[in-house]
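Below is one structure, written out as structure tokens; comments come after it.
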Amino acid sequence: MAVKGETKGRILDAAELLFAEHGFNETSLRTITSKAGVNLASVNYHYGDKKTLIRAVLGRYLEQFVPVLIEELEALLSRDEITMEDVFHCIKRPLVQLDDFRPYGASNFMSLIGRGYTDVQGHLRWFIVTQYSDVLNLFTNAVCRANPSLDPETLFWRLHFTLGASVFTMASSTALRQIAENDFSRKVTTADLIDSLVPYLAAGVAAPIEQSFSLVSDEQTGTL
Numbered sequence: 668m669a670v671k672g673e674t675k676g677r678i679l680d681a682a683e684l685l686f687a688e689h690g691f692n693e694t695s696l697r698t699i700t701s702k703a704g705v706n707l708a709s710v711n712y713h714y715g716d717k718k719t720l721i722r723a724v725l726g727r728y729l730e731q732f733v734p735v736l737i738e739e740l741e742a743l744l745s746r747d748e749i750t751m752e753d754v755f756h757c758i759k760r761p762l763v764q765l766d767d768f769r770p771y772g773a774s775n776f777m778s779l780i781g782r783g784y785t786d787v788q789g790h791l792r793w794f795i796v797t798q799y800s801d802v803l804n805l806f807t808n809a810v811c812r813a814n815p816s817l818d819p820e821t822l823f824w825r826l827h828f829t830l831g832a833s834v835f836t837m838a839s840s841t842a843l844r845q846i847a848e849n850d851f852s853r854k855v856t857t858a859d860l861i862d863s864l865v866p867y868l869a870a871g872v873a874a875p876i877e878q879s880f881s882l883v884s885d886e887q888t889g890t891l
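When we follow the numbering used here, the leftmost residue of the sequence shown carries the number 668, and every step to the right adds one.
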């Protein structure tokens, strides 16, 4: 008979893979128990419900990712001048280390983050905002120092565009590596992907503001 720790680990491992591949909404608890080789009562005993299990899967990564990111951000904020590239490079070490924590850890983590938005998991946003407010505040402070001219609404959209590009790149990293090796005869690591992605993201966040959403809306409705 499996001990409690082993059972919880099997449930988390099965849920992680299924959530990352199929999404939170499309993955049932029965599918998870079947893959983990446990009964439904075990999931209910250890996690209570599906939302708690989802938070536990993501939380396992965040507990590894966040402390390292805090170290990077605190070191960055001690400097007199910082750029948006500096801010995004803070994410490199904590993200790369996830590959040592779990097989394909960086890819799976970013897939789970993306699923939290595409599957409209509002409870995950609540979980992250309440449990990891310290690192979110540090990151926001760093972004605002690097881009002091951006208003809050523009910053909101640009950071979410950034998240979309990051999720796609990291979640598709296995396929992208294979394409790069076939087409360019180059082996690409997670660190290489991040190094290539950071300048692109930084330029997008810092791009000139040419037109606001309100202006587009007025033109479309003919009220301008």
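Quick reminder that beta carbons are idealized off the backbone N, C-alpha and C, glycines included.
Contact set for residue i: own chain, Cβ-Cβ below 6 angstroms, skip 5 residues either direction
i: Phe794; result: Arg722
i: Leu762; result: Ala773
i: Leu868; result: Phe755 and Thr829
i: Ser778; result: Ala687 and Ala838
i: His713; result: Lys675
i: Gly690; result: Arg782 and Asp786
i: Gln731; result: Phe768
i: Ser884; result: In this prediction, Ser884 scores a pLDDT of 47, lower than 50, which makes its location untrustworthy; the coordinate-derived value is nonetheless stated afterwards. Answer for Ser884: no residue qualifies.
Terminal residues of the alpha helix (DSSP H) in which residue i lies
i: Cys811; result: Ser800 to Ala813
i: Ser695; result: It is not in any alpha helix (DSSP H) - Ser695 carries neither H nor E in the DSSP assignment.
i: Leu817; result: It is not in any alpha helix (DSSP H) - Leu817 carries neither H nor E in the DSSP assignment.
i: Pro866; result: Thr857 to Val872
i: Gly726; result: Lys717 to Leu744
i: Tyr714; result: Leu707 to Tyr714
i: Lys854; result: Here Lys854 belongs to no alpha helix (DSSP H), and DSSP marks it neither H nor E.
i: Glu766; result: The sequence given here places Asp at residue 766; Glu does not occur at that position. Taken as a continuous stretch (DSSP letters only), the alpha helix (DSSP H) holding Asp766 covers Lys759 to Phe768.
i: Asp753; result: Met751 to His756
i: Ser774; result: Gly772 to Thr785
Selected residue, minimal CA-CA separation from residue i, among the options
i: Met837; options: Ala809, Val855, Glu730 and Val705; result: Val855
i: Ala813; options: Leu720, Thr719, Ala703 and Leu744; result: Leu744
i: Tyr771; options: Glu820, Asp747, Arg844 and Glu748; result: Arg844
i: Asp716; options: Gln731, Pro734, Glu748 and Ala682; result: Ala682
i: Phe776; options: Arg825, Val733, Thr694 and Asp859; result: Val733
i: Pro815; options: Ile749, Lys718, Glu739 and Ala742; result: Ile749
i: Leu860; options: Arg825, Phe835 and Leu725; result: Phe835
i: Thr766; options: Ser863, Thr857 and Asp753; result: Reading the sequence as shown, one finds Asp at residue 766 and not Thr. Ranking Ser863, Thr857 and Asp753 by Cα distance to Asp766 puts Thr857 first.
i: Ala742; options: Ala809, His827 and Tyr728; result: Ala809
i: Tyr784; options: Leu684, Glu673, Asp680 and Asn692; result: Asn692
i: Pro866; options: Asp747, Asp753, Arg727 and Leu729; result: Asp753
i: Ile758; options: Asp747, Arg746 and Leu740; result: Leu740
i: Leu817; options: Val872, Asp850, Ala842 and Ile846; result: Val872
i: Ala870; options: Met751, Phe823, Asp680 and Pro819; result: Met751
Min CB distance residue i to chain D below 8 angstroms
i: Leu817; result: Looking for chain D here will not work: only one protein chain is present.
Environment of residue i [buried if 16+ CB atoms lie within 10 Å]
i: Leu707; result: exposed
i: Thr700; result: buried
i: Ala874; result: exposed
i: Leu882; result: Its pLDDT being 44, under 50, Leu882 is placed unreliably by the model, and the measurement read from it follows with that caveat. By the 10 Å Cβ count, Leu882 comes out exposed.
i: Ser840; result: buried
i: Ser863; result: exposed
i: Glu848; result: exposed
i: Thr694; result: buried
i: Thr888; result: Because Thr888 sits at a pLDDT of 47, beneath the cut-off of 50, its placement in the model cannot be relied upon, and the point is left open.
i: Ser833; result: buried
i: Arg853; result: exposed
i: Val796; result: exposed
i: Arg727; result: buried
i: Arg893; result: Absent from the structure is residue 893, since the part of the chain shown begins at 668 and ends at 891.
Neighbourhood of residue i by C-beta, 8 angstroms cutoff - its chain only, sequence neighbours within 5 removed
i: Ile737; result: Asp801, Val802 and Leu805
i: Ile678; result: Ile699, Thr700, Ala703, Val705, Ser709, Val710, His713, Tyr714 and Leu720
i: Arg697; result: Leu707
i: Tyr799; result: Leu729 and Val733
Spatial neighbours of residue i in its chain, beta-carbon cut-off 7 angstroms, leaving aside the 5 residues before and after
i: His827; result: none
i: Ile876; result: Thr821
i: Leu725; result: Leu779 and Leu791
i: Lys718; result: His790
i: Arg760; result: Val735 and Glu739
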